[in-house]
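Numbering (my numbering), first residue to last: 552 to 933. Even for Gly, the Cβ is constructed at its ideal location relative to N, Cα and C.
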């Protein structure tokens with residue numbers, strides 16, 4: 552073994568033993584508390600804070616940080632400033648140039664020794680409520696923008712920190728996290744993009760003419776709002792949409808379920824899953840296109856004024872008091888069962904399954920059902 556390698560191993564061993572000894576001493580001094588209590592107390596401990604005044608006029612804000620919890624606040628006295636944790640070898644460079652307030656962390660700590668349980672904060676105190684733009688780039692810290700502020704545009708990106716945005720955005724909002732959660736409240740820009748790799752995305756009472764909500768392994772949920780075009784996509788997380796209106800909606804999950812409840816869609820509602828289930832409850836749409844591979848498709852009190860196309864491979868199709876101007880249902884091995892609100896002209900083709908449908912109504916729309924090995928049972932509850 553080379554001498555340099557031996558030295559490196561010895562240094563690493565010394566550091567490990569020193570760390571273990573420090574932990575042992577800490578636990579010994581705090582033997583009357585549980586480890587959970589000690590960890591909780593360590594987490595909530597914060598540094599002392601200081602302030603730095605901001606001089607100059609600006610309508611655009613740019614923040615670059617690494618591990619601070621960033622929060623925007625009204626200053627209350629008409630003056631701009633930042634309030635931040637006092638950490639050795641860590642400060643902020645603040646400049647105002649050409650109408651841009653630039654706040655940038657200046658961190659000279661060793662990357663090996665800058666881990667801390669103590670919370671580092673950065674409060675940006677602003678004198679006005681309306682600004683042209685806000686951009687934030689943060690590695691592992693969280694970002695919170697409360698209500699009371701208005702921005703034409705926002706662009707927020709974090710690696711492992713969460714984003715909580717309640718401010719009003721009028722033109723465009725672009726939010727991106729890697730492993731942090733995203734929460735958006737009362738947001739109504741023209742364009743909205745929220746994307747998280749392993750964190751969840753929650754949108755409450757929001758809206759946009761063009762909205763895209765994307766997650767990889769996290770869930771996506773929208774509760775209330777008015778949208779033009781709404782696109783949602785999740786690889787392994789579920790998708791839930793409740794109480795919205797939209798011109799059109801597209802929701803696709805690979806291994807998660809998709810649920811739409813009390814949604815009014817004037818155009819097409821397109822829903823697709825690979826191994827998850829699909830449920831539309833108390834929804835209306837111009838047309839419905841639902842496709843599943845192995846999960847069940849359920850329509851409960853849902854009506855499409857035009858075509859409803861329901862396709863499933865190994866899962867069944869169920870509907871209760873549902874209807875459409877025209878129905879086209881196809882399954883490979885799943886059965887088709889349910890009740891419709893109006894009579895239809897039935898065209899049913901089954902491979903090896905049984906068939907039980909009402910007599911055709913010449914005044915009704917077409918209802919074409921094809922199954923491979925599944926049975927068909929339909930009733931009318933008009």
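Could you compute how far the alpha carbon of residue i sits from the alpha carbon of residue j?
| i | j | result |
| --- | --- | --- |
| residue 911 | residue 897 | 6 angstroms |
| residue 814 | residue 653 | 42 angstroms |
| residue 878 | residue 861 | 8 angstroms |
| residue 645 | residue 753 | 33 angstroms |
| residue 637 | residue 833 | 54 angstroms |
| residue 594 | residue 634 | Residue placement at residue 594 is flagged as unreliable, the pLDDT there being 45, under the threshold of 50; the coordinate-derived value follows with that caveat. Approximately 20 angstroms between the Cα atoms of the pair. |
| residue 924 | residue 885 | 7 angstroms |
| residue 675 | residue 696 | 10 angstroms |
| residue 922 | residue 748 | 37 angstroms |
| residue 758 | residue 641 | 39 angstroms |
| residue 928 | residue 867 | 12 angstroms |
| residue 715 | residue 751 | 12 angstroms |
| residue 764 | residue 913 | 43 angstroms |
| residue 827 | residue 846 | 5 angstroms |
| residue 628 | residue 681 | 16 angstroms |
| residue 902 | residue 895 | 21 angstroms |
| residue 734 | residue 789 | 16 angstroms |
| residue 784 | residue 904 | 34 angstroms |
| residue 908 | residue 869 | 14 angstroms |
| residue 807 | residue 825 | 8 angstroms |
| residue 703 | residue 851 | 40 angstroms |
| residue 589 | residue 672 | In this prediction, residue 589 scores a pLDDT of 44, lower than 50, which makes its location untrustworthy; the coordinate-derived value is nonetheless stated afterwards. Answer to the nearest angstrom: the Cα atoms are 21 angstroms apart. |
What three-state label does DSSP hand residue i in the structure shown?
| i | result |
| --- | --- |
| residue 791 | strand |
| residue 926 | coil |
| residue 591 | For residue 591, the pLDDT reaches just 41, beneath the cut-off of 50, and the residue's location in the model is therefore unreliable, leaving the point undetermined. |
| residue 752 | strand |
| residue 948 | Residue 948 cannot be examined here, being either before or after the span of the chain that is shown, 552 to 933. |
| residue 698 | coil |
| residue 823 | strand |
| residue 813 | coil |
| residue 932 | coil |
| residue 682 | strand |
| residue 634 | strand |
| residue 834 | coil |
| residue 738 | coil |
| residue 910 | coil |
| residue 618 | coil |
| residue 853 | coil |
| residue 883 | coil |
| residue 844 | coil |
| residue 718 | coil |
| residue 671 | coil |
| residue 704 | strand |
| residue 576 | Note that residue 576 scores 42 on pLDDT, short of 50, meaning its location in the model is unreliable and no value can be drawn from it. |
| residue 775 | strand |
| residue 780 | strand |
| residue 758 | strand |
| residue 769 | coil |
| residue 921 | strand |
So the candidates are the options; which of them puts its Cα closest to the Cα of residue i?
| i | options | result |
| --- | --- | --- |
| residue 786 | 714, 823, 732 and 740 | 823 |
| residue 865 | 844, 811, 859 and 852 | 844 |
| residue 840 | 847, 859 and 848 | 859 |
| residue 689 | 920, 831, 704 and 711 | 711 |
| residue 774 | 880, 795, 870 and 829 | 795 |
| residue 919 | 617, 892, 932 and 876 | 876 |
| residue 769 | 725, 606 and 731 | 731 |
| residue 791 | 798, 820 and 830 | 830 |
| residue 626 | 659, 671 and 699 | 699 |
| residue 838 | 821, 745 and 784 | 821 |
| residue 780 | 742, 810, 746 and 772 | 742 |
| residue 744 | 607, 724, 718 and 684 | 724 |
| residue 693 | 810, 683, 670 and 679 | 670 |
| residue 678 | 720, 892, 659 and 632 | 632 |
| residue 499 | 608, 649, 756 and 899 | This structure gives no information on residue 499, because the portion of the chain shown stretches from 552 to 933. |
| residue 915 | 899, 836, 892 and 906 | 892 |
Across which residues does DSSP place residue i in a beta bridge pair?
| i | result |
| --- | --- |
| residue 935 | There is no way to answer for residue 935, as the model of the chain reaches only from 552 to 933. |
| residue 859 | 839 and 878 |
| residue 643 | 656 |
| residue 607 | Residue 607 is not bridged to any residue. |
| residue 888 | 869 and 928 |
| residue 648 | 651 |
| residue 732 | Paired residues: none, contrary to the question. |
| residue 804 | 785 and 824 |
| residue 797 | 778 and 816 |
| residue 916 | 895 |
My assumption, with CB atoms under 8 angstroms, is that residue i sits in contact with residue j. Please give the rounded CB distance.
| i | j | result |
| --- | --- | --- |
| residue 686 | residue 706 | 5 angstroms |
| residue 617 | residue 647 | With a Cβ gap of about 22 angstroms, residue 617 and residue 647 do not count as contacting. |
| residue 804 | residue 817 | 23 angstroms between Cβ atoms; not a contact. |
| residue 842 | residue 890 | Residue 842 to residue 890, Cβ: 22 angstroms. No contact. |
| residue 887 | residue 873 | So it is not a contact: roughly 12 angstroms between Cβ atoms. |
Could one say the Cβ of residue i lies closer than 8 angstroms to chain E's Cβ atoms, at least one of them?
| i | result |
| --- | --- |
| residue 782 | Note that chain E does not occur in the displayed structure, where there is just one protein chain. |
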